[in-house]
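For the sequence shown, the working numbering puts the final residue at 476, and the numbers step up evenly by one. Positions of the beta carbon are idealized from the N, C-alpha and C atoms, including for glycine. Note that the coordinates shown come from a computational prediction; the quantities given were computed from them, not determined experimentally.
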Amino acid sequence: MKRLLSILLSLTLVFSLSAAAGAETAEASVVQTQVLVIGGGGAGISAAIAAAEQGAQVLLLEKLGYLGGATIISGGKIPAANSKQQQEKGIEDSVEALARDILRPSNYSARQELVYTVAENATPVAEWLESMGVVWTLMDSLYYGQTEYRMLNAEGNGAGMTSKMIDRLNSLENVTVMLETTGTGLITNQANEVIGATAEGKDGSMVIYADNVVLATSGFAANKEMLEKYIPEIVDAYPMVAPGATGEGILWGMELGAAVENMHAYQGYGFYCEGVGAMDQGLADRGGIMVNLNTERFCDEHNGYSQIAPHVIAQPEHHVYLIFDEANAQQSDLSAYEEKGLLIKADTVAELAEKTGLDAEKLEKVVEEYREGIEKGEDKFNRTLLPDSFEAPFYAIYMTADLRHTQGGLVTDVAAHVLTEDNEVIQGLYAAGGVTEGFSTRAGADYMSGNGLLQALVFGKIAGERAATETRGSQEYVPYTGTGLDNYKD
């Protein structure tokens, strides 16, 4: 990849920036580019590629020493309707069905125009990534909330996807990537138009002037202060988050009057064991039950993994035991837990209570009530999927829940323009990915697999294309013009 843009102007001067830029008088390098992308995760890489493919000179800043953000540690899965992978298997699907599935868990309170934009662009963006070398496989599991088999999994998961995207980025002569370079603020003119940003890199301070700026700085899952303010119930979850997700892009936007939404929402994962990592949710789905340290069962264990997370974190010491039987255990690879002494096995409920420190009498009652529910087909917590039986020997794993990413952020239109609370476009500013509002509106209760990654990829591409082709000062609010909003409900 060409490391210096032909149009970059480098010089040294003494400058004094406004409060919007958040910088004091200092010596800095000044550079000029057409499109500045801040953040090198999935959304940022997509934006940089898309802008460059439109012919723009692009500068991509990433504060870490590598690209990938949350995407590189993701499962690399996105839901897509009418994909060729579905067609090859004779699966009939529609954009409308995908949009309804995304909207349903939030009781249709997510912004329909954004959902439909993502649903309509899911398969095209999958094909765009395929042109970069990403290999997709249609998953044979019906994921939570989905009514069709439509989940595409990238070969190599998120890391494999990111690798192919970086290969494409490296092939573009009109893109410069600067790693270990942290954006420190936005620069505005007297009209409150965004004209660039300040940054700190390995060689010192920078002032970067750009025709348009794309914020792709992720959410705030790695910012404990923001978590305590907006999502206190999940602050004690194990942090399985991208280290760069510190929320500064959201704060910069808010300083300029940008609107924010869904700041209380997030994606969690309700099954995490320290020492091993994310657990197989199938242990719960196939009949395992969760018992807290007061020896109480507390929720329907057969639920979405993000939906379960806040229930786990709300328990004493934020930990519980996942208890399951032999028939269940045989269907999962538990060798890692055995090797690290984290798998507890007992021939009786009383022995299991002794080994876990749970109350024996209470545990006997919990197990008996669960068995009675299995026989009647009526679970105490309205669990809809029950095993045929629940018999010794029993197993237990001490576990907690983790936090993956936040779902709240800057409000945008369908063209990725950042909007004020009055629905006005902040000229020169676009946003995509975790820095923007997601589709979850009820904390972690309505997150669906693949939504965050899909939204990042789709709006990253849109933001890059728009930033490369639109002129600052004449950018207008773009409404949704499709037909989906007429029939989005069941």
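Asked	Found
Tell me where the alpha helix (DSSP H) around S157 begins and ends.	143 to 157
Determine the DSSP secondary structure at L45, reduced to helix, strand or coil.	strand
Just verifying my parser: in three-state terms, what is the DSSP assignment at A300?	coil
Are there 16 or more other CB atoms within 10 angstroms of the CB of Q441, so buried, or fewer, so exposed?	buried
On the three-pair Cβ rule with 8 Å, is the region 349 to 368 touching the region 381 to 397?	no
If you drop the 5 nearest sequence neighbours on each side, which residues of the same chain put their C-beta closer than 6 Å to that of E141?	V121
Is K75 buried or exposed, if buried means 16 or more other CB atoms sit within 10 Å of its CB?	exposed
Kindly indicate which three-state DSSP category D87 falls into: helix, strand or coil?	helix
Below 7 Å CB to CB, which residues in the same chain sit around T427 once its five sequence neighbours on both sides are set aside?	S92, S95, A96, N248, A251
Enumerate in chain order the residues of its own chain whose CB-to-CB distance from G290 is below 6 Å, with the five nearest sequence positions on each side excluded.	Y130
Whose CA, out of L371, Q317, E312, Y307, lies closest to the CA of G343?	Y307
According to the Cβ coordinates, are G450 and V200 closer than 8 Å?	yes
Considering Y356, what are the terminal residues of the alpha helix (DSSP H) in which it resides?	346 to 362
Between the Cα of A339 and the Cα atoms of H305, R357, F380, S321, which residue gives the shortest distance?	F380
Rounded to whole angstroms, what's the CA-CA distance from N178 to I64? Just pull it up for me.	36 Å
Grouping DSSP H, G and I as helix and E and B as strand, with all else coil, what is V421?	helix
Using 8 Å as the threshold, is the region 161 to 172 in touch with the region 42 to 55, meaning 3 or more CB pairs across them?	yes
Provide the residue span of the alpha helix (DSSP H) that contains T109, from first to last.	98 to 116
According to DSSP, is V246 helix, strand or coil?	strand
Using the three-state DSSP reduction, which class does Q253 fall into: helix, strand or coil?	strand
Any contact between the region 210 to 218 and the region 372 to 387? By contact I mean 3 or more CB pairs, one from each, below 8 Å.	no
Mind reading off the beta-carbon distance from H403 to V335? Whole number of angstroms is fine, and I expect it under 8 Å.	So it is not a contact: roughly 59 Å between Cβ atoms.
Please classify E456: does DSSP put it in a helix, a strand, or coil?	coil
Tell me which residues share the same chain as Y466 and place their Cβ nearer than 7 Å to its Cβ, disregarding the 5 neighbours each side in the sequence.	E99, Y102, T103, V400
For the structure I just gave you, are there three or more beta carbon pairs, one from the region 308 to 319 and one from the region 267 to 285, closer than 8 Å?	yes
Under DSSP, the alpha helix (DSSP H) around K70 begins and ends at which residues?	70 to 74
Which word fits D432, buried or exposed, when buried means at least 16 other C-beta atoms lie within 10 angstroms of its C-beta?	buried
Report the partner residues of K63 according to the DSSP bridge assignment.	N139
Could you tell me which uninterrupted beta strand (DSSP E) segments, each at least 3 residues in length, are contained entirely in the region 170 to 240, listed from first to last along the chain?	180 to 187, 190 to 201
Buried or exposed, going by whether 16 or more other CB atoms sit within 10 Å of the CB of Y52?	exposed
Under three-state DSSP, which class holds V18?	One point to set straight first is that residue 18 is Gln, not Val, in the sequence displayed. It is a strand residue.
Please name the residue in R90, D319, Q72 whose C-alpha comes closest to that of T123.	Q72
How long is the line joining the alpha carbons of E282 and V221, rounded to whole angstroms?	23 Å
Hey, could you find the ends of the beta strand (DSSP E) D374 is sitting in?	Per DSSP, D374 belongs to no beta strand (DSSP E) and is neither H nor E.
A112 and F445 - do their beta-carbons sit closer together than 8 Å?	no
Smallest Cα separation from Q301: which of E234, L279, E347, N107?	L279
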